[in-house]
Amino acid sequence: MIAMKQKSLEEIQKMIEGYKRVLLIACDGCAGIYEVGGLRQAELLASQLNLSKEIKKTGKYDLKTVTVPRQCDVEIVLNHLQETASNVDAIVSLACGIGVQTLAEVFPNTPVFPANDTEFIGMSDKGMLYERCQACGQCILDQTGGICPIARCAKGLLNGPCGGQVKGKCEVGGYTNDCAWVLIYEKLKRQGRLDLFKQFRSYRELKPRPRELPLPMHPKG
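Structure (structure tokens):
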């Protein structure tokens, strides 16, 4: 799941300063599931923006709110928003950074602003999101017991722990976080696969960006 948090009201106000007709677009995907950028949050943001205007006695915005199943899909955005987004001065996306960029590409003549800061790809557990993947495109989870050292090691080390771990805790963060490589060692030992721990892993290939990948149902060419 893509983890994100909403920007401050002041930040969003600065973005849309000078625009009258503003469309707030929510997303039913990651943002909606974790109640950061669903329709309810879009409606609440609209109320807060107009209330702020009223308090300052500077009039009101002409705000509209709408949601789509996923903002990261061009076809879905076109099917749901082409008419709605055609008569606005600016758009505020309550999705992740991909959603913002999708809207900006589909509606090139309209400024699109992010309401959220995209943090990481994470795992949900007991009301918290934990970073677990950096989408490096070179997955080695088969060698590390399903624990990603790139995302979970503070230094991104690929061949075992540094000298800064103490009793399984990482020096980065004041010894409060588990050392990823100690976790990997313990997992591989439990599975009888410690031979993998001793394998040397070369540095990751730095792939040119931006990257692209054809969808299985739409093969390129």
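Heads up: the sequence shown begins at 125 in my numbering, then just goes up one per residue.
Ideal Cβ placement from N, Cα and C applies to all residues, glycine included.
Fair warning: this is a prediction, and the values are worked out from it, not measured in the lab.
No residue range can be given for A259, since it is assigned to no alpha helix (DSSP H) and is classified by DSSP as neither H nor E. According to DSSP, residue pairing for P238 in a beta bridge involves S217. Collapsing the DSSP output to three states places D319 in a helix. For Q206, there is no enclosing beta strand (DSSP E), as DSSP gives it neither H nor E. Looking at the DSSP output, D302 shares a beta bridge with K293. Burial check for S248: the Cβ neighbour count within 10 Å stays below 16, so the residue is exposed. Rounded to whole angstroms, the Cβ separation of Y299 and V306 is 12 Å, and the two are not in contact under 8 Å.
Taking a C-beta distance under 8 Å as the contact criterion, Q258 and A275 qualify as a contact pair. Boundaries cannot be given for R194, as no beta strand (DSSP E) includes it and DSSP labels it neither H nor E. When the five nearest sequence neighbours on each side are left out, the beta carbons in the same chain lying within less than 8 Å of the beta carbon of I136 are those of L169, L173, V216, F237, A239, in order along the chain.
By alpha-carbon distance to K188, the top candidate from V198, N203, E167 is E167.
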